[in-house]
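Trainee:
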C-alpha cells in the first residue's frame, strides 16, 4: 500500500514536472485542438460548406472558450524559446498588452455564445468579430512561421 | 619603383571613373513619363491596396481610414541595419507634397529620389519596377487625395559601410530588372493578371523569396520562402511544391486572402496580417488571379 502511495506520488510529481516543462507543447496543442478544431466547424459554416446549425456553432464557440481558459498562464518566463515555438519576444516585453488582447478574444467569444445566433447572417457578424482576434493577436505576438 | 607607383595611381583613378559611371542614377525618359499625366485617383486606389503602401508607410496599428495617413515610421530590422519608412503623405514640408509626377515615377520604377540618390531596396522598387506606367500614374493621382500628415522622417540606422548610397548603383545593376520573373508558357489572361500583381505591385517575392548574401532575391527559388528579410522568424514557401502550399486549392488561397484564415484553420500572423487586409480590399477577380498564378509557378 505504501509502495503504491509512493509510486502514485512520484508519478504525480513527475507528470506535473513534465507539464511545466511542456508549456510550449501545451499551448500549441490548445491552439490546434481546441481553437483549430472549433474553427473548422465555424469556417465551414461561414463558407456555406456546412448547413447552418445554431447548436453546433454555439458548441464550437463554447469549446474555444473553455479550451482556452488558462491559456494565458502558459507563457511563464523561461518559455520564450525552444520546442519550435513561434511566440514572439513581444509577449514578454508587453505581457499586459498580450493579456488584454486575449481578454478581448474571450469577451467576443462570450458575446457570441450569449447571442446564440439563430441564422447565418447573425452568425456571420459574430464570427467576424471573434475571428478578427486571431490575426490581431498573431500580428503582434507571433513571429513569422514557415 | 616610380613606374609601379604611377601604375597604381592610374588604376585607382580608372577604377574610380568606372565606379562613378556604373553607379550614375538612371531615370525614365520623356516618352515613358508621358503616361504620368493621365492618372485616375479612383483606379489608383486599387494600386494603393495591391502595392501595400499602408503596411509600411501608415502607423503600425492603423485601422480603417487611418491606413490613408501615410506619415511613415515602420521600422524594418534587417541584416543590413534598420530602415524607417518615410512620410509619403502629400505634406509639403515633411512628406512628398513637393514632388512632381516624374519624381514619383522615378522613385517607383528606378529607385531614384528627387535628390538624385539611390533608394535602399527596403523600398521594394525591385518589384514596383514591373508596374505599368498607367498604374503608377493612377497611384500618383490617388496619393494626392490622402490626408497630409506632418511628421519628420526618422533617419535609417545603418552601419557606416551601408550609409554610402552611391554603391547601391552597382547593386541595382545586378538586381533591378523589369522583365517577368517566371516564364509562363501558355498562361491564360487570369494567370497573367496574377503574375503582374504578384511580381509587380503586390511585391510578394520581397519577403517570400530567399535572399543571397548581398540582399538580392534568389529568383531560382522564387516564392520558396526562407529566413525573414526583416524581423524574426521564417517566411513560408508559397509555391505549389511539397514544402509549399500545393495542398491549398485556388479557392482556399482566395479565402485566406479574404479572411486571413488558412485551410488548416490557423490564421496569418506577423506582417502577413496587414498584407492580407490589403488583399481583402482588392476585387475577388484580382484575388482569384493571384491564386491562379500561385498554382501555376514552378514548385519548390
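Protein chains in written order, with my numbering: chain A, 40 to 185; chain B, 3 to 302. Note that beta-carbon positions come from the ideal geometry of N, C-alpha and C, so glycine has one too.
Taking a cut of 9 Å between CB atoms, which residues from the region 233 to 246 of chain B lie near chain A?
Mentor: Within the region 233 to 246 of chain B, the qualifying residues are 233, 234, 235, 236, 237, 238, 239, 245.
Trainee: First and last residue of the beta strand (DSSP E) that includes residue 80 of chain B?
Mentor: Its beta strand (DSSP E) spans residues 77 to 80.
Trainee: Taking only beta-carbon atoms, is residue 109 of chain A less than 7 Å away from chain B?
Mentor: So, not an interface residue.
Trainee: Determine which residues share a DSSP beta bridge with residue 107 of chain A and list them.
Mentor: DSSP lists no partner for residue 107 of chain A.
Trainee: Could you name the residues of the same chain whose beta carbon sits closer than 8 Å to that of residue 56 of chain A, not counting the 5 residues immediately before and after it, in chain order?
Mentor: Since pLDDT at residue 56 of chain A reaches only 44, below the 50 mark, its modelled position is unreliable, and no value is offered.
Trainee: Taking a cut of 9 Å between CB atoms, which residues from the region 269 to 282 of chain B lie near chain A?
Mentor: Correct list: 269, 270, 271, 272, 273, 274, 275, 276, 278, 279.
Trainee: Helix, strand or coil: how does DSSP classify residue 237 of chain B here?
Mentor: Three-state result, residue 237 of chain B: strand.
Trainee: Cα-Cα, which of A:178, A:163, A:176, A:179 is closest to residue 93 of chain A?
Mentor: Nearest of A:178, A:163, A:176, A:179 to residue 93 of chain A, Cα basis: A:163.
Trainee: Please report how far the alpha carbon of residue 258 of chain B lies from the alpha carbon of residue 21 of chain B, in whole angstroms.
Mentor: Computed Cα separation, rounded: 47 Å.
Trainee: By Cβ distance, which residues of its chain are closer than 6 Å to residue 276 of chain B, with the 5 residues on each side in sequence left out?
Mentor: Within the same chain, residue 276 of chain B has close Cβ partners 57.
Trainee: Got a sec: is the Cβ-Cβ distance from residue 217 of chain B to anything in chain A below 7 Å?
Mentor: False, the Cβ-Cβ gap to chain A never drops below 7 Å.
Trainee: Out of curiosity, what's the CA-to-CA distance linking residue 114 of chain A and residue 233 of chain B?
Mentor: Their backbone Cα atoms lie some 21 Å apart in a straight line.
Trainee: Can you check which of these residues, B:237, B:51, B:202, B:126, is closest to residue 228 of chain B by C-alpha distance?
Mentor: Among B:237, B:51, B:202, B:126, the Cα nearest to that of residue 228 of chain B belongs to B:237.
Trainee: What is the DSSP secondary structure of residue 172 of chain B, counted as helix, strand or coil?
Mentor: Helix at residue 172 of chain B.
Trainee: Cβ of residue 294 of chain B within 7 Å of Cβ of residue 196 of chain B?
Mentor: It is a contact, given that the beta carbons lie within the stated cut-off.
Trainee: Might you give, ordered along the chain, the residues of its own chain that have their beta carbon closer than 7 Å to the beta carbon of residue 281 of chain B, omitting 5 neighbours on each side?
Mentor: Once the five neighbours on either side are set aside, the close Cβ partners of residue 281 of chain B are 259, 289.
Trainee: Looking only at C-alpha atoms, which of B:220, B:285, B:55, B:4 sits nearest to residue 127 of chain B?
Mentor: Ranking B:220, B:285, B:55, B:4 by Cα distance to residue 127 of chain B puts B:55 first.
Trainee: So, does the CB of residue 56 of chain B fall closer than 7 Å to a CB anywhere in chain A?
Mentor: Cβ-Cβ to chain A under 7 Å: no for residue 56 of chain B.
Trainee: Quick one, which residues of the region 150 to 178 of chain A are near chain B if we go by CB-CB under 8 Å, in chain order?
Mentor: For the region 150 to 178 of chain A, which is checked against every Cβ of chain B, the residues closer than 8 Å are 170, 173, 174, 175, 177, 178.
Trainee: For a test of the three-state rule: what should DSSP assign to residue 65 of chain B, helix, strand or coil?
Mentor: Of the three classes helix, strand and coil, the one that applies to residue 65 of chain B here is coil, per DSSP.
Trainee: What do you get for residue 211 of chain B, buried or exposed, if any count of 16 or more other CB atoms within 10 angstroms of its CB means buried?
Mentor: Flag for residue 211 of chain B reads buried.
Trainee: Is the beta carbon of residue 92 of chain B closer than 7 Å to that of residue 100 of chain B?
Mentor: No, the pair does not count as a contact, with Cβ atoms beyond the cut-off.
Trainee: Got a sec, what are the start and stop residues for the beta strand (DSSP E) residue 302 of chain B sits in?
Mentor: No beta strand (DSSP E) holds residue 302 of chain B; DSSP gives it neither H nor E.
Trainee: Just checking: is the beta-carbon of residue 69 of chain A within a distance shorter than 7 Å of some beta-carbon in chain B?
Mentor: Judged by the 7 Å Cβ criterion, residue 69 of chain A is not in contact with chain B.
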